[in-house]
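The block underneath contains the structure these notes are about, expressed in structure tokens.
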Amino acid sequence: MRPERFDSWLTVDGKGLYCRPGGFHIDPYGGAKRAIVTHGHSDHARPGHEHVLATRETLAVMELRLGSAASRGTQAVAYGETLQIGDVAVTLVPAGHVLGSAQVLIEWKGVRAVVSGDYKRSADPTCAPYQVVPCDLFVTEATFALPVFQHGDAREEVAKLLRSRARFPERAHVVGVYGLGKCQRLIALLREAGYERPIYLHGALQECCALYESFGVRLGELKAATGAKREEMKGEIVLSPPSAIADRWSRRLPDPVTAFASGWMRVRARARQQGVELPLVISDHADWNELTETIAETGAREVWVTHGREDALLHHIQSTGRRGRALALIGREDENQ
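In structure tokens form, the structure reads like this:
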């Protein structure tokens, strides 16, 4: 194995991305002997591993969602703490995606590789902000890697939601949000905007909110939407999983305005297809500008693209004189976009 030949020691096998000199996988598909998990979303944190290393927050999410993070043991690592694993040094660095999300810095024989996991560069009061790590190899996500995706300021989208609520005081506003990260971020942004009323939650969102609060993220007064009287929810903001905004559950709300908080809401045709009346462009992933700027800031001479819309980003990478490669990693889903 030669350190300057990244693909000789950082490879893709049947379980995903594998670090040979360290003897571990990063976000493996399942059943790995040793796994480093970047964050708690289900397309990255899967069941069946023997040993898992992650931040304390990610391990807590895995235990909440999976019942157990690993069959034989876990190790919680703080941001900035460096561990020797096999022949490599490993450090977890904030990714700014959701609570506990981390990039994985691997150092071996004078070479530095960073596996980003999912990340964003925009402000989020519910998690540690993204930190640029200089490296030789940068392995990046590409969920929104097309120039059309410019997320803008999430606070402006929250202001749009509050203006709609003021315009339609007799209607409930039901907002589709992903349960881990987007839900809590939207609540925190509403509180920052001065919204102090109770926020109603679909039952599927309550446990993750409680977990965030156990780590010191203040969300204000939250109420269960299930069981609340129809009249009580007039003019209120109700958060639910995206699948619930158009099903029988939402029909019990008073003349609901349907909204959806996602980076995909930049595509208006997609919002119309999903029957979304109020699209909110709020994403927990980097947009095109953030992806390209981050690549430049790392100083990496080689960039691997893990999942998303690879072609445009690979063209950009190669046009800047860097080597680019698309990795064939499967199973990345829409849970967190």
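Quick note on numbering: the working numbering labels position 158 of the sequence shown as 156, and the sequence is numbered without any gaps.
For each residue, glycine too, the CB sits at the ideal point set by N, CA and C.
Beta-carbon spacing of residue i, residue j below 8 angstroms
i: Pro277; j: Met263; result: yes
i: Arg153; j: Ala191; result: yes
i: Phe142; j: Ser114; result: no
i: Leu184; j: Leu237; result: yes
i: His305; j: Leu289; result: no
i: Leu90; j: Thr53; result: yes
i: Ala257; j: Glu275; result: yes
i: Ala100; j: His23; result: no
i: Arg110; j: Thr292; result: no
i: Val131; j: Val112; result: yes
i: Val86; j: Pro19; result: yes
Residue interval of the beta strand (DSSP E) (run including residue i)
i: Glu300; result: Glu300 to Gly306
i: Ser248; result: Note, Ser248: premise wrong, no beta strand (DSSP E); alpha helix (DSSP H) at Arg246 to Arg249.
i: Ala259; result: Val255 to Ala259
i: Trp106; result: Ala100 to Trp106
i: Arg110; result: Val109 to Val113
i: Glu139; result: Leu135 to Ala140
i: Cys206; result: Per DSSP, Cys206 belongs to no beta strand (DSSP E); it is in the alpha helix (DSSP H), Gln204 to Ser212.
Sequence-distant residues of the same chain with beta carbon closer than 8 angstroms to residue i, five excluded per side
i: Gln316; result: Gly322
i: His171; result: Leu159, Ser162, Arg163, Glu234, Ile235, Val236, Pro254, Val255, Ala257 and Leu276
i: Arg320; result: Ile293, Ala298, Arg299, Glu300 and Val301
Own chain, CB closer than 7 angstroms to residue i, minus 5 neighbours either side, in chain order
i: Glu61; result: Ala67
i: Cys207; result: Cys181, Gln182, Leu199, Leu217 and Leu220
i: Leu209; result: Ala58, Val59 and Leu62
Length of the line joining the Cα atoms of residue i and residue j
i: Ala140; j: Glu308; result: 6 angstroms
i: Ser69; j: Leu159; result: 44 angstroms
i: Asp253; j: Met231; result: 10 angstroms
i: Ala298; j: Thr9; result: 18 angstroms
i: Glu93; j: Val35; result: One point to set straight first is that residue 93 is Ala, not Glu, in the sequence displayed. For Ala93 and Val35, the distance between alpha carbons rounds to 12 angstroms.
i: Val88; j: Cys133; result: 13 angstroms
i: Phe147; j: Gly29; result: 35 angstroms
i: Lys227; j: Glu234; result: 12 angstroms
i: Tyr117; j: His42; result: 13 angstroms
i: Leu51; j: Val59; result: 13 angstroms
i: Leu199; j: Arg250; result: 14 angstroms
i: Ser6; j: Trp106; result: 12 angstroms
i: Lys31; j: Ser248; result: 43 angstroms
i: His49; j: Gly12; result: 18 angstroms
i: Asn287; j: Val265; result: 17 angstroms
i: Ile197; j: Thr72; result: 35 angstroms
Residue i classed as buried or exposed, judged by whether at least 16 other C-beta atoms fall within 10 angstroms
i: Phe213; result: exposed
i: Pro26; result: buried
i: Asp245; result: exposed
i: Glu79; result: exposed
Span of the alpha helix (DSSP H) around residue i
i: Glu190; result: Lys180 to Glu190
i: Ala152; result: Ala152 to Arg165
Near the ligand GDP: residue i beta-carbon under 7 angstroms from a heavy atom
i: Glu275; result: Within the structure as shown, the ligand GDP is missing, as the structure has no ligands at all.
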